[in-house]
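Peer 1: Before anything else, here's the structure in question.
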Amino acid sequence: MSAGAYRDSLDRLIDLALEEDLGAAGDVTTDALVPAEALGQAELWAKEPMILSGLDAFRRAFERFDARVRTTALAEPGQAVGPKACVARVEGPLRSLLSAERTALNLVQRASGIATLARQAVDAVGKVKGSRLRVLDTRKTGPGWRVLAKQAVRDGGAGCHRFGLFDGVLIKDNHLAAVGSVKEALRRARAHASHLTGIEVEVTSLEQLDEALGEGADVIMLDNMADPLIREAVKRTAGRAKLEVSGGVTLDRLPVLAKLGVDFVSMGALTHSARAMDLSLEICAAPRPATSRRARR
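Basically my numbering = 1-based index in the sequence shown + 46.
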């Protein structure tokens, strides 16, 4: 995805989030308490260990609400930060800092949670010396969150599977139910897809694995297979196709899978079950009025 497409997608997410939070009346509390001309500063603090992600979304949330707000990042995406770490500063109209605060925090907290879980998964695989296993995400992201969630996965050091339905052929169980067999599904996919497009098929048995190998599948997903079946699948495949494990994958199981010789493991939990990290935005400078041009003279 190009930088422009990424920003457009991110802006749509942020605009929707701001719209649902502000409604038609806006921030009635802040508008009642804070003078329109007041300026302020705030700091973003990490309150627990985490892998940081989503700072671009944090910054952009304030910019979409008020272009006068300026954000300074004090840490990098993918950086491990500890508790009591100040990772960004924000300054501008105080009303804007308060009104966009929750939306900005929701984005960076959730993204950092995904990045943190992704790093834990990568580290679990790394315990097995010499393993070639790569941890991948899935399309199990919240609606509108695809670009931010997948960037968070990358910030955590894991890889992306498909971004969407448009950038790879993946024949799933319901496709097989609709078509009738692995062989026929692969035949139709080969006839339709570009010769540059890889084709992956999901199998749930060794019989389906043999059928997929016979039809020349590029990648074969071993869905919800027990470890002994996976070991046999690796033996039968003998390098003729890449093997991916999906279903029932936990952090504790990753070192076991890394020893079995498969190529990929996909974890939906990276994006659908990651816990939001604890970050807070603290106003750190007393409100001050905006300085007029006449006063500055």
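The beta carbon of each residue, even a glycine, is placed where N, CA and C say it ideally should be.
Here the structure is a predicted model, which means the values were calculated and not measured.
How would you call valine 302, buried or exposed, if buried means at least 16 neighbouring beta carbons within 10 angstroms?
Peer 2: Residue 302 sits at position 256 when you count from the first residue of the sequence shown. Burial call: exposed.
Peer 1: State the DSSP-derived secondary structure class of lysine 288, mapped to helix, strand or coil.
Peer 2: Taking the sequence shown and counting its residues from 1, the one referred to as residue 288 is at position 242. Here lysine 288 sits in strand by DSSP.
Peer 1: Which residue or residues does DSSP assign as beta-bridge partners of leucine 268?
Peer 2: For the purposes of this step, residue 268 is taken as the residue at position 222 of the sequence shown. Paired residues: Val249, Val291.
Peer 1: Measure the Cβ-Cβ separation of alanine 107 and isoleucine 160 and say whether it is below 8 Å.
Peer 2: Here residue 107 corresponds to residue number 61 of the sequence shown, with the count starting at 1. Here residue 160 corresponds to residue number 114 of the sequence shown, with the count starting at 1. Contact flag unset, no.
Peer 1: Rounded to whole angstroms, what's the CA-CA distance from alanine 71 to leucine 85? Just pull it up for me.
Peer 2: Residue 71 sits at position 25 when you count from the first residue of the sequence shown. Residue 85 sits at position 39 when you count from the first residue of the sequence shown. Distance between the alpha carbons of alanine 71 and leucine 85 is about 22 Å.
Peer 1: Nearest CA to the CA of cysteine 132: which residue from Ala146, Met313, Thr117?
Peer 2: Reading the sequence shown from its first residue, position 86 is the one you call residue 132. Per the Cα distances, Thr117.
Peer 1: When the Cα atoms are used, what is the spatial distance from leucine 56 to lysine 186?
Peer 2: To locate residue 56, count along the sequence shown from 1; it is residue 10. To locate residue 186, count along the sequence shown from 1; it is residue 140. Rounded to the nearest angstrom, the two C-alpha atoms are 17 Å apart.
Peer 1: Does aspartate 269 come within less than 8 Å of chain B when only Cβ atoms are used?
Peer 2: Of the protein chains in this structure there is only one, and it is not chain B.
Peer 1: Is the stretch 203-223 close to the stretch 240-253, with three or more CB pairs under 8 Å?
Peer 2: Touching, per the Cβ criterion.
Peer 1: In terms of residues, what are the limits of the alpha helix (DSSP H) holding proline 274?
Peer 2: Here residue 274 is taken as the residue at index 228 of the sequence shown, counted from 1. Run containing proline 274: 273-283, per the alpha helix (DSSP H) assignment.
Peer 1: So, helix, strand or coil for arginine 53, using DSSP?
Peer 2: Against the sequence shown, residue 53 aligns to sequence position 7. Looking at arginine 53 - three-state DSSP - the assignment turns out to be helix.
Peer 1: Here's a check: name, in chain order, each residue in its chain whose Cβ is nearer than 8 Å to the Cβ of glycine 244, leaving out the five neighbours to either side.
Peer 2: Translated into the one-based positions of the sequence shown, residue 244 becomes position 198. The answer, listed in chain order, is Gly214, Val215, Asp264, Val265.
Peer 1: In the DSSP assignment, find the beta strand (DSSP E) that holds threonine 118 and state where it starts and stops.
Peer 2: As a first step, residue 118 must be located in the sequence shown, where it is residue number 72. 116-119 is the extent of the beta strand (DSSP E) around threonine 118.
Peer 1: Helix, strand or coil: how does DSSP classify arginine 110 here?
Peer 2: As a first step, residue 110 is located in the sequence shown; it is residue number 64 there, counting from the start. If DSSP states are grouped into helix, strand and coil, arginine 110 belongs with the helices.
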